[in-house]
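Q: Take a look at the following structure, please.
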Amino acid sequence: MPLKFHRLLLPLLLFVCQLLAEIPQCFHFTWVGAYENHSNIHTETCDSRVGDFNDIPCEEPLVVTPDDTVPDVKALWHNATEDRDNFLCQMSPGRSCVKYSYIFKGGIQNITYMCAIVNSTNGCYRQTHATGMVVEACVCTSKVGLIPCNGCSNSRLSGAMGLALCLIILYQWLNKYRIL
Numbered sequence: 089m090p091l092k093f094h095r096l097l098l099p100l101l102l103f104v105c106q107l108l109a110e111i112p113q114c115f116h117f118t119w120v121g122a123y124e125n126h127s128n129i130h131t132e133t134c135d136s137r138v139g140d141f142n143d144i145p146c147e148e149p150l151v152v153t154p155d156d157t158v159p160d161v162k163a164l165w166h167n168a169t170e171d172r173d174n175f176l177c178q179m180s181p182g183r184s185c186v187k188y189s190y191i192f193k194g195g196i197q198n199i200t201y202m203c204a205i206v207n208s209t210n211g212c213y214r215q216t217h218a219t220g221m222v223v224e225a226c227v228c229t230s231k232v233g234l235i236p237c238n239g240c241s242n243s244r245l246s247g248a249m250g251l252a253l254c255l256i257i258l259y260q261w262l263n264k265y266r267i268l
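Quick note on numbering: the numbering used here labels position 35 of the sequence shown as 123, and the sequence is numbered without any gaps.
This is the structure:
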């Protein structure tokens, strides 16, 4: 009887893991860069920041960091206390994740993370302006259960997917040596 229970347990665990797996997502916010008075950020909007310059991407919410450094999106993704859904958008057919950065003299001035329809394949594209400003757009497609690709490397598995893989390997090993 225990043999049958173990054979039913693994598919059940895999089914539960699949239900818990997240759909692909992208980060969705604008880090405004160095910002003098952090308490004023809640009164700002994308319209007030970019004005008539419609070609400059901006996505709300607007974000500042305590020391004006680039946001740690890995920490945001793994922080259970932060309401990270405010900083994410769901991928849908035809859309990609984009990280749009303005870089001047080697320093990142601001970054917009977003879901967008783009006419390019995955990769990073740079344009240098006469002023020395570099605009970089990185396009990628997130995978189910992984940290959004427009934030950082997507080589880490979510807990649910990691558990599922471990259980499959354990099951195959136990079955191979006839322990089950």
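Even for Gly, the Cβ is constructed at its ideal location relative to N, Cα and C. Values in this document were obtained by computation on a predicted structure and should not be read as measured data.
Which of the three DSSP states, helix, strand or coil, is assigned to residue 129?
A: Taking the first residue of the sequence shown as position 1, residue 129 is located at position 41. Helix at residue 129.
Q: Go ahead and label residue 212 buried or exposed: buried means 16 or more other beta carbons lie within 10 angstroms of its beta carbon, across all protein chains shown.
A: What you label residue 212 is simply residue 124 of the sequence shown in a count that begins at 1. So residue 212 ends up on the exposed side.
Q: In three-state DSSP terms, what is residue 146?
A: Against the sequence shown, residue 146 aligns to sequence position 58. Three-state DSSP puts residue 146 in coil, outside helix and strand.
Q: Just to confirm before moving on: does the CB-CB distance between residue 185 and residue 158 stay below 9 Å?
A: Translated into the one-based positions of the sequence shown, residue 185 becomes position 97. Translated into the one-based positions of the sequence shown, residue 158 becomes position 70. Cβ distance not < 9 Å, so residue 185 and residue 158 don't count as in contact.
Q: Just to confirm the assignment, what range does the beta strand (DSSP E) spanning residue 208 have?
A: On the sequence shown, position 120 is the one that residue 208 refers to. Per DSSP, residue 208 belongs to no beta strand (DSSP E) and is neither H nor E.
Q: Rounded to the nearest angstrom, what separates residue 187 and residue 177 at their Cα positions?
A: Taking the first residue of the sequence shown as position 1, residue 187 is located at position 99. Taking the first residue of the sequence shown as position 1, residue 177 is located at position 89. Between residue 187 and residue 177, the C-alpha separation is close to 13 Å.
Q: Report yes if the CB atom of residue 206 is closer than 9 Å to the CB atom of residue 112, and no otherwise.
A: In the sequence shown, counting from the first residue as 1, residue 206 sits at position 118. In the sequence shown, counting from the first residue as 1, residue 112 sits at position 24. Taking 9 Å as the Cβ cut-off, residue 206 and residue 112 do not qualify as a contacting pair.
Q: Any idea what DSSP makes of residue 161, helix, strand or coil?
A: The residue you call residue 161 lines up with position 73 of the sequence shown. Three-state DSSP puts residue 161 in a helix.
Q: Please report the straight-line C-alpha distance between residue 122 and residue 133, rounded to a whole angstrom.
A: To locate residue 122, count along the sequence shown from 1; it is residue 34. To locate residue 133, count along the sequence shown from 1; it is residue 45. Distance between the alpha carbons of residue 122 and residue 133: 16 Å.
Q: From the DSSP output, read off the bridge partner residues of residue 214.
A: Position 126 of the sequence shown, counted from the first residue, corresponds to residue 214. Note: residue 214 sits in a beta bridge opposite 224.
Q: Anyone know if the C-beta pair for residue 224 and residue 189 falls short of 9 Å?
A: Taking the first residue of the sequence shown as position 1, residue 224 is located at position 136. Taking the first residue of the sequence shown as position 1, residue 189 is located at position 101. It is a contact, given that the beta carbons lie within the stated cut-off.
Q: Does DSSP put residue 237 in a helix, in a strand, or in coil?
A: Here residue 237 is taken as the residue at index 149 of the sequence shown, counted from 1. Of the three classes helix, strand and coil, the one that applies to residue 237 here is coil, per DSSP.
Q: For residue 151, name the three-state secondary structure that DSSP assigns.
A: Residue mapping note: residue 151 aligns to position 63 of the sequence shown, counting from 1. Of the three classes helix, strand and coil, the one that applies to residue 151 here is strand, per DSSP.
Q: Give me whichever residues DSSP pairs with residue 180 in a beta bridge.
A: Within the sequence shown, residue 180 is the residue found at index 92, counting from 1. Per DSSP, none; premise fails for residue 180.
Q: Report all residues from its chain with a CB closer than 6 Å to the CB of residue 150; omit the five preceding and five following residues, and keep chain order.
A: Here the question's residue 150 lines up with position 62 in the sequence shown. Excluding positions up to five away in sequence, the list reads 118, 120, 129, 132.
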